[in-house]
Amino acid sequence: QVQLVESGGGLVQAGGSLRLSCAASGSIFSMFHMTWYRQAPGKQREQVAIITSGGGTNYADSVKGRFTISRDNAKNTVYLQMNNLKLEYTAVYSCRAHQTALMRDYWGKGTLVTVSS
(Lines of atoms letter the chains of each structure in order from A and count residues from 1; the text may use other names and numbers.)
(Lines give C-alpha, C1' and ligand atoms only; values in the text may rest on other atoms or scores of the structure.)
Protein backbone atom coordinates (compact mmCIF):
# COMPACT_ATOMS: atom_id res chain seq x y z
CA GLN A 1 0.00 0.00 0.00
CA VAL A 2 1.24 3.47 -0.92
CA GLN A 3 -0.06 6.64 0.67
CA LEU A 4 0.30 9.97 -1.11
CA VAL A 5 0.18 13.30 0.68
CA GLU A 6 0.16 16.54 -1.29
CA SER A 7 1.29 19.86 0.11
CA GLY A 8 2.24 23.33 -1.03
CA GLY A 9 -1.12 24.62 -2.17
CA GLY A 10 -2.47 27.97 -1.12
CA LEU A 11 -3.48 31.41 -2.28
CA VAL A 12 -1.28 33.13 -4.84
CA GLN A 13 -1.69 36.12 -7.09
CA ALA A 14 -1.87 35.73 -10.83
CA GLY A 15 1.63 35.68 -12.25
CA GLY A 16 3.03 34.17 -9.08
CA SER A 17 4.57 30.78 -8.40
CA LEU A 18 3.96 27.79 -6.20
CA ARG A 19 5.68 24.47 -5.78
CA LEU A 20 3.54 21.49 -4.95
CA SER A 21 4.93 18.36 -3.35
CA CYS A 22 3.56 14.86 -3.21
CA ALA A 23 5.21 12.61 -0.65
CA ALA A 24 4.78 8.87 -0.94
CA SER A 25 5.12 6.15 1.63
CA GLY A 26 6.64 2.80 0.75
CA SER A 27 9.91 1.57 -0.67
CA ILE A 28 9.14 1.16 -4.37
CA PHE A 29 8.38 4.77 -5.24
CA SER A 30 10.96 4.77 -8.02
CA MET A 31 9.00 2.12 -9.90
CA PHE A 32 5.88 4.26 -10.21
CA HIS A 33 4.90 6.73 -12.85
CA MET A 34 3.74 9.88 -11.13
CA THR A 35 1.03 12.13 -12.48
CA TRP A 36 -0.41 15.45 -11.33
CA TYR A 37 -4.07 16.15 -12.02
CA ARG A 38 -6.28 19.11 -11.27
CA GLN A 39 -9.99 19.63 -10.94
CA ALA A 40 -11.41 23.12 -11.11
CA PRO A 41 -14.82 23.90 -9.64
CA GLY A 42 -17.55 22.58 -11.89
CA LYS A 43 -15.11 21.00 -14.32
CA GLN A 44 -13.79 17.54 -15.05
CA ARG A 45 -10.48 16.37 -13.72
CA GLU A 46 -7.61 17.16 -16.06
CA GLN A 47 -4.18 15.56 -16.36
CA VAL A 48 -1.55 18.24 -15.91
CA ALA A 49 1.83 16.53 -16.02
CA ILE A 50 3.40 13.11 -15.81
CA ILE A 51 6.87 11.88 -15.00
CA THR A 52 7.60 8.26 -15.72
CA SER A 53 9.65 5.89 -13.62
CA GLY A 54 12.45 6.52 -16.10
CA GLY A 55 12.22 10.27 -15.78
CA GLY A 56 10.41 11.10 -18.99
CA THR A 57 7.94 13.97 -18.76
CA ASN A 58 4.87 15.18 -20.57
CA TYR A 59 2.60 18.18 -20.02
CA ALA A 60 -0.85 19.35 -20.88
CA ASP A 61 -0.73 22.01 -23.58
CA SER A 62 -2.33 24.49 -21.19
CA VAL A 63 0.65 24.41 -18.83
CA LYS A 64 3.61 23.86 -21.13
CA GLY A 65 6.32 26.37 -20.42
CA ARG A 66 4.78 27.26 -17.05
CA PHE A 67 4.89 23.99 -15.07
CA THR A 68 7.77 21.63 -14.39
CA ILE A 69 7.36 18.18 -12.91
CA SER A 70 10.28 16.50 -11.19
CA ARG A 71 10.92 13.67 -8.78
CA ASP A 72 13.38 12.83 -6.04
CA ASN A 73 13.35 9.08 -5.59
CA ALA A 74 15.60 9.32 -2.54
CA LYS A 75 12.90 11.39 -0.85
CA ASN A 76 9.92 9.51 -2.33
CA THR A 77 8.60 12.83 -3.54
CA VAL A 78 7.33 14.30 -6.78
CA TYR A 79 7.13 18.05 -7.31
CA LEU A 80 5.18 20.38 -9.52
CA GLN A 81 6.76 23.79 -9.95
CA MET A 82 4.10 26.19 -11.21
CA ASN A 83 5.16 29.58 -12.56
CA ASN A 84 3.30 32.51 -14.04
CA LEU A 85 0.02 31.23 -12.68
CA LYS A 86 -3.27 32.13 -14.30
CA LEU A 87 -6.66 32.65 -12.67
CA GLU A 88 -7.98 29.58 -14.47
CA TYR A 89 -5.41 27.40 -12.74
CA THR A 90 -7.46 27.55 -9.56
CA ALA A 91 -8.20 23.92 -8.73
CA VAL A 92 -7.57 21.03 -6.41
CA TYR A 93 -4.30 19.44 -7.49
CA SER A 94 -3.86 15.74 -6.83
CA CYS A 95 -1.09 13.30 -7.46
CA ARG A 96 -1.31 9.73 -8.62
CA ALA A 97 1.18 6.89 -8.41
CA HIS A 98 0.59 4.18 -10.97
CA GLN A 99 2.35 1.28 -12.58
CA THR A 100 0.47 -1.17 -14.76
CA ALA A 101 3.14 -3.85 -14.42
CA LEU A 102 2.63 -3.81 -10.67
CA MET A 103 -1.16 -3.51 -10.98
CA ARG A 104 -1.00 -0.60 -8.58
CA ASP A 105 -2.79 2.73 -8.72
CA TYR A 106 -2.89 5.19 -5.83
CA TRP A 107 -4.26 8.70 -5.41
CA GLY A 108 -3.68 11.48 -2.96
CA LYS A 109 -6.45 13.65 -1.53
CA GLY A 110 -5.25 16.82 -3.16
CA THR A 111 -4.19 20.31 -2.26
CA LEU A 112 -6.10 23.46 -3.17
CA VAL A 113 -4.47 26.11 -5.30
CA THR A 114 -6.29 29.43 -5.55
CA VAL A 115 -5.05 32.03 -7.98
CA SER A 116 -6.37 35.53 -7.36
CA SER A 117 -6.30 38.71 -9.42
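In this note's numbering, the protein residues as written are 554 to 670.
Where is the CB? At the ideal position from N, CA and C, for every residue including glycine.
Computed from a predicted structure; not experimentally measured.
Practice problem: Check whether the Cβ atoms of leucine 640 and glycine 562 lie closer than 8 Å to each other. | Solution: In this structure, glycine 562 does not lie closer than 8 Å to leucine 640 by Cβ.
Self-check item: Unbroken beta strand (DSSP E) run spanning alanine 576, endpoints
Solution: Alanine 576: member of the beta strand (DSSP E) spanning 571-577, first to last residue.
Quiz prompt | Reduced DSSP category for threonine 588 - H, G, I as helix; E, B as strand; rest coil | solution = strand
Quiz item: Looking only at its own chain, which residues have a Cβ that is under 6 Å from the Cβ of glutamine 634, when we skip the five neighbours before and after it?
Solution: Arg572 and Thr621
Self-check item: Identity of the residues DSSP links to valine 645 by a beta bridge
Solution: Gln592 and Leu665
Quiz item: So what does valine 558 bridge to, in DSSP terms?
Solution: Ala576
Self-check item: Neighbour-count burial assignment, threonine 588, 16 or more Cβ in a 10 Å radius
Solution: buried
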